[in-house]
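Below: the structure, in structure tokens.
Protein chains: 2
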Amino acid sequence: MTEYAKLGRNELLALKAELEAEYAKQCALGLKLDMSRGKPGSDQLDLCEGLLTSVGTSEEAYLGATDLRNYGGLDGIAPMKELFAELLGVSASEVIVGGNSSLNMMFDTIARAMLFGVLGEKPWSQQGEIKFLCPSPGYDRHFAVCEVFGIKMIPVDMKEDGPDMDAVEALVSSDASIKGIWCVPKYSNPQGITYSDAVVDRFAALKPAAKDFRVFWDNAYCVHDLTDTPDTLKEILSACKAAGNPNLVYEFASTSKVSFPGAGVAVMAASEENIEAIKKVITFQTIGPDKINQMRHVRYFKDAEGVRAHMKKQAELLAPKFDIVCDTLEKELSGLGIASWVRPNGGYFVSLDVMPGCAKTVHALLKDANVVMTKAGATYPYGNDPKDSNLRIAPTLPTVSELEAAMKMLCLCVRLAAVNKLLAA
Amino acid sequence: MTEYAKLGRNELLALKAELEAEYAKQCALGLKLDMSRGKPGSDQLDLCEGLLTSVGTSEEAYLGATDLRNYGGLDGIAPMKELFAELLGVSASEVIVGGNSSLNMMFDTIARAMLFGVLGEKPWSQQGEIKFLCPSPGYDRHFAVCEVFGIKMIPVDMKEDGPDMDAVEALVSSDASIKGIWCVPKYSNPQGITYSDAVVDRFAALKPAAKDFRVFWDNAYCVHDLTDTPDTLKEILSACKAAGNPNLVYEFASTSKVSFPGAGVAVMAASEENIEAIKKVITFQTIGPDKINQMRHVRYFKDAEGVRAHMKKQAELLAPKFDIVCDTLEKELSGLGIASWVRPNGGYFVSLDVMPGCAKTVHALLKDANVVMTKAGATYPYGNDPKDSNLRIAPTLPTVSELEAAMKMLCLCVRLAAVNKLLAA
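Chains U and R, in that order, are what the protein sequence lines are.
Per the working numbering, residue 10 is the first one in the first sequence, and the count goes up by one each step.
Per the working numbering, residue 10 is the first one in the second sequence, and the count goes up by one each step.
And the structure:
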């Protein structure tokens with residue numbers, strides 16, 4: 010393969026004609042493909058059909074003498090707390106089990122901080138301009154939460170082992186209006202990067218200028234390994250304790266991509282002091298989460314080992330899809346100097362960096378061919394990818410054959426956009 | 010029966026001795042009774058055991074081509090919207106179906122108003138002191154929500170057919186800092202009063218000084234009839250439309266006391282303009298509620314008629330309990346001039362007004378005898394019943410025999426407290 014940048018104008022023109030012909034041919038096939046959504050496929054969901062009936066009788070809706078159908082249980086049932094505690098490597102006293110959505114818990118956590126403040130500090134809404142650090146590329150829904158609350162977002166670069174910690178440390182320690190940072194520490198969305206132990210330790214040792222600064226640690230993919238050599242993430246709460254910073258982190262997770270995205274169970278973990286303060290507010294918000302659905306999960310998965318065994322079955326369905334994505338990128342784009350990516354060991358996405366200035370063009374070319382990708386820019390705060398380079402590939406929802414067709418088309422568009430860019434230079 | 014007020018001092022002293030002896034005798038029995046909680050009994054919950062398995066296979070988790078296990082569906086699934094719309098007498102386009110808690114939807118509605126404002130008005134949190142009207146006696150958790158948000162509560166008297174509308178109209182039209190009023194319009198908590206058509210029409214015709222004033226219409230007991238001659242409540246959204254006030258009301262309801270308190274489905278209803286504005290915020294808060302649990306309800310109850318048939322079965326269990334409460338009150342207290350109550354046609358409570366200045370004493374006497382009642386004062390804002398007169402009886406959770414014993418003890422304590430009060434006068 011010759012790098013495109015080394016091709017002469019005539020070679021590029023010939024290539025352009027060839028690629029455009031191929032593009033027209035593919036368009037004529039009437040494709041209708043979607044690689045935009047981080048949603049499990051129905052085959053993954055079928056794997057836990059038994060969950061639907063794991064609480065099937067009135068008797069099974071009891072936990073000891075407690076009737077789980079009735080009111081009560083503000084922070085979740087004990088065995089679900091224990092299951093999550095085991096999965097996250099924290100203590101059951103450090104978790105609150107919620108409803109079906111960890112996003113909801115994150116949104117509510119920020120709403121509480123805005124209205125009631127964090128551990129006795131003034132409500133964020135009374136502190137003038139508030140800012141969050143946003144390692145980028147990152148998760149668009151994190152950024153959207155900041156946007157709706159009017160929280161100013163400051164992008165921070167992602168490196169190979171996590172956020173640029175020099176930048177994070179400098180910003181957090183010098184600016185008391187910075188109140189939080191969004192992290193997806195394992196198999197990050199979209200890059201699939203797992204933070205190194207050194208990065209976790211540097212987080213735990215942060216010396217924020219703001220007492221009410223919190224790390225929003227969205228451990229969404231904590232059990233979402235795809236290979237036999239999975240990444241491991243150092244546990245953050247104990248790292249914070251060891252660093253004398255016990256209250257620094259709010260951690261979030263859920264079974265949304267373990268059991269059912271719409272009907273799973275969400276959790277947050279934090280120091281006991283944080284947890285107590287949060288419960289003092291949520292006791293006004295609700296009488297308790299859906300305990301029956303928690304019991305379904307407890308009865309079905311039993312324990313953390315049960316969850317991990319289940320995730321192995323999901324990996325059997327997902328690994329071939331990630332292979333198609335990465336193998337196609339390898340085959341079609343390697344050596345051309347127009348794109349880069351990393352094969353992740355888990356998570357839900359593959360992040361693709363195309364030639365700077367080309368991501369929107371690639372997205373548009375695909376859209377015209379009826380291939381839907383997450384919008385270019387979505388992985389950056391305010392939808393603004395300064396290099397216009399990053400695209401997020403979500404391989405889970407399409408079938409294997411759809412994915413093959415979609416990836417072929419994506420690579421074609423990446424090449425075509427690059428050739429046009431080079432010709433215009 | 011002679012009215013206690015007409016008894017002479019010696020007669021009262023004799024009665025006191027007699028009542029105290031009886032109280033001591035009852036205490037010696039070692040009772041352990043609870044009439045404090047508006048919770049269904051497990052026998053009521055057993056009635057819908059089939060709900061647990063009504064979505065029992067992967068196939069049953071589909072609605073047409075939509076996989077309800079997956080993400081999506083911000084405002085609920087269509088048939089659940091239709092079911093609630095039929096129950097409430099509104100249009101499906103006027104409802105948002107939520108999670109398992111209507112209290113959560115109410116809390117979030119106030120949090121949204123505080124942070125984002127109501128239909129384009131300034132956020133409540135930026136408008137200085139905010140006030141709510143609180144028809145009293147009322148529901149303690151409504152009052153608690155105001156308290157945690159720092160919203161000043163103004164009590165308004167309850168009359169036989171609803172809140173004192175002269176007071177409501179005068180206050181709402183003259184004070185722009187009044188942003189809401191809490192209503193339980195059918196079988197009110199605790200009195201079991203249903204608002205008359207005239208009261209509903211006066212609500213619909215309110216001319217609030219504040220554009221962002223809303224009536225919080227907690228229709229918690231909309232299908233909770235106990236008799237063959239149930240109360241009927243005029244539908245408020247259409248009344249508001251007719252009065253040219255379409256955006257005035259936020260209505261709330263749930264199946265918490267229809268199916269399972271901890272695992273039911275909650276709903277809010279409002280004008281389409283209100284609904285659109287709310288959805289613009291909640292789209293940042295969650296990807297959607299638990300659609301499987303909604304589908305369980307749809308498949309189990311089918312439609313509003315199915316819900317009503319189910320509630321008839323609940324009434325068969327509950328009516329005898331309400332009879333014990335009211336019959337015992339009748340037998341033990343009528344004609345004594347020391348207490349008043351109304352036999353409700355539905356709902357979850359019986360409200361008892363004892364001699365002014367005696368409610369706390371009655372509560373304490375019962376507590377010493379191991380009979381738990383809702384705290385005296387809890388039915389008023391800030392826990393402050395100005396007359397110290399109101400007690401809330403919750404008959405649903407105890408068994409029939411427990412309830413008989415508890416009611417006998419309650420009446421004894423009401424009499425003893427009255428005698429002591431008269432002797433001290």
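Note that the Cβ used here is the ideal one computed from N, Cα and C, for glycine as well.
ask   = Using CA coordinates, which residue listed in LYS250(R), SER268(R) and GLY297(R) is at the minimum distance from GLU282(R)?
value = LYS250(R)
task = Report the residues of the stretch 107 to 120 of chain R with a CB closer than 8 Å to any CB of chain U, ordered along the chain.
result = GLY108, ASN109, SER110, LEU112, ASN113, PHE116, ASP117 and ALA120
ask   = In chain R, what lies closer than 9 Å to THR295(U) by C-beta?
value = GLY108, ASN109, SER110, LEU112, ASN113 and PHE116
query = Which residues share a DSSP beta bridge with GLY171(U)?
reply = Answer is LYS168(U).
query = Between which two residues does the beta strand (DSSP E) containing ASN254(U) stretch?
reply = Annotation for ASN254(U): no beta strand (DSSP E) segment contains it, and DSSP assigns it neither H nor E.
key: Residue burial classification, GLU118(R) (beta-carbon count within 10 angstroms, cutoff 16)   = Going by the sequence as given, residue 118(R) is Thr instead of Glu. Buried, because 16 or more other Cβ atoms sit within 10 Å of the Cβ of THR118(R).
query = Would the beta-carbon of LEU38(U) fall within 8 Å of that of ALA415(U)?
reply = No.
ask   = Under 8 Å, do VAL224(U) and LEU342(U) count as touching if we go by C-beta distance?
value = no
query = How would you list, in chain order, the residues of chain U whose beta-carbon sits under 8 Å from the beta-carbon of ILE301(R)?
reply = LEU61, PHE269, GLY271 and ALA272
query = Of all the options ALA252(U), LEU235(U) and LYS188(U), which has the alpha carbon lying nearest to the alpha carbon of ASP332(U)?
reply = Measuring from the Cα of ASP332(U), the nearest candidate turns out to be LEU235(U).
ask   = What number of angstroms, rounded off, separates the C-alpha of PRO132(U) from the C-alpha of ILE160(R)?
value = As the crow flies, the alpha-carbon of PRO132(U) is around 16 Å from that of ILE160(R).
request  = Output the distance between the C-alpha atoms of LEU16(U) and ALA433(U), rounded to the nearest integer angstrom.
outcome  = 14 Å
task = Below 8 Å CB to CB, which residues in the same chain sit around ALA385(R) once its five sequence neighbours on both sides are set aside?
result = ALA368, LYS369, VAL371, HIS372, ASP394, ASP397, ASN399 and LEU400
request  = Could you work out which residues of chain R lie near VAL193(U), taking near to mean beta carbons separated by less than 8 Å?
outcome  = Going along chain R, no residue has its Cβ under 8 Å from VAL193(U), so there is no contact; the nearest lies around 16 Å.
query = How is the alpha helix (DSSP H) around ALA23(R) delimited, first residue to last?
reply = 18 to 37
message = I'd like to know whether the C-beta of LYS384(R) is nearer than 8 Å to at least one C-beta of chain U.
response = no
ask   = Can the beta-carbon of GLY147(U) be found closer than 8 Å to that of THR388(U)?
value = Taking 8 Å as the Cβ cut-off, GLY147(U) and THR388(U) qualify as a contacting pair.
query = Quick one, which of LEU375(U), GLY297(U), ILE296(U) and ASP206(U) has its alpha-carbon nearest GLU29(U)'s?
reply = LEU375(U)
ask   = Which residues in the same chain have their Cβ closer than 7 Å to the Cβ of LEU54(R), if we skip the five residues on either side of it in sequence?
value = PHE269
ask   = Can you tell me whether DSSP reads ALA368(U) as helix, strand or coil?
value = Residue state for ALA368(U) is assigned as helix, using DSSP reduced to three classes.
request  = For TYR309(R), collect the residues of the same chain with a Cβ closer than 7 Å to its Cβ; drop the 5 residues on either side in sequence, then sort them by chain order.
outcome  = CYS57, GLY59, LEU60 and SER63
task = Ignore the nearest five residues each way along the sequence and tell me which others in LEU273(U)'s own chain have a CB closer than 7 Å to its CB.
result = According to the sequence shown, residue 273(U) is Gly rather than Leu. So the list reads ASN109, SER263, THR264, SER265 and VAL267, once near-sequence residues are dropped.
query = Between ASN429(U), LEU431(U), LYS430(U) and LEU425(U), which lies nearest to GLU31(U) when the distance is taken from Cα to Cα?
reply = LEU425(U)
message = Could you pull the DSSP bridge partners for THR75(U) from this structure?
response = LEU72(U)
key: Contact residues within the stretch 41 to 55 of chain U, judged by C-beta distance below 8 Å to chain R   = Correct list: ARG46, LYS48, PRO49, SER51, LEU54 and ASP55.
Cβ shell of ALA313(R) (< 7 Å), same chain only, five flanking positions each side left out = Taking ALA313(R) as the centre and dropping the five residues before and after it, the same chain places the C-beta of LEU92, GLU95 and LEU96 closer than 7 Å to its C-beta, in chain order.
query = Nearest to GLU178(R) by CA position, among ASP377(R), ARG211(R) and ILE245(R), is which residue?
reply = ARG211(R)
request  = Quick one: residues in its chain with C-beta nearer than 6 Å to the C-beta of ALA101(U), no 5 flanking neighbours on either side, listed in chain order?
outcome  = LYS90, GLU91 and ALA94
message = Let me confirm a value: VAL409(U) is counted as buried when at least 16 other C-beta atoms fall within 10 Å, else exposed. Which label applies?
response = The residue is exposed, with fewer than 16 neighbouring Cβ atoms inside 10 Å.
query = Does any CB atom of chain B fall closer than 8 Å to the CB of ASP76(U)?
reply = You won't find chain B in this structure, because its protein chains are U and R.
query = The beta strand (DSSP E) spanning ASN399(U) covers which residue range?
reply = 399 to 402
query = Tell me, which residues are paired with SER263(R) by DSSP?
reply = Bridge partners of SER263(R): ALA275(R).
request  = Look up LYS131(U) in the DSSP assignment and say whether it is helix, strand or coil.
outcome  = coil
message = Using CA atoms only, rank isn't needed, just tell me which of ASN254(U), SER247(U) and TYR230(U) is closest to PRO217(U).
response = Measuring from the Cα of PRO217(U), the nearest candidate turns out to be ASN254(U).
ask   = On the three-state DSSP scale, how would you describe LYS140(U)?
value = strand
task = Can you have a look at ARG150(R) and say buried or exposed, based on whether 16 or more other CB atoms are within 10 angstroms of its CB?
result = buried
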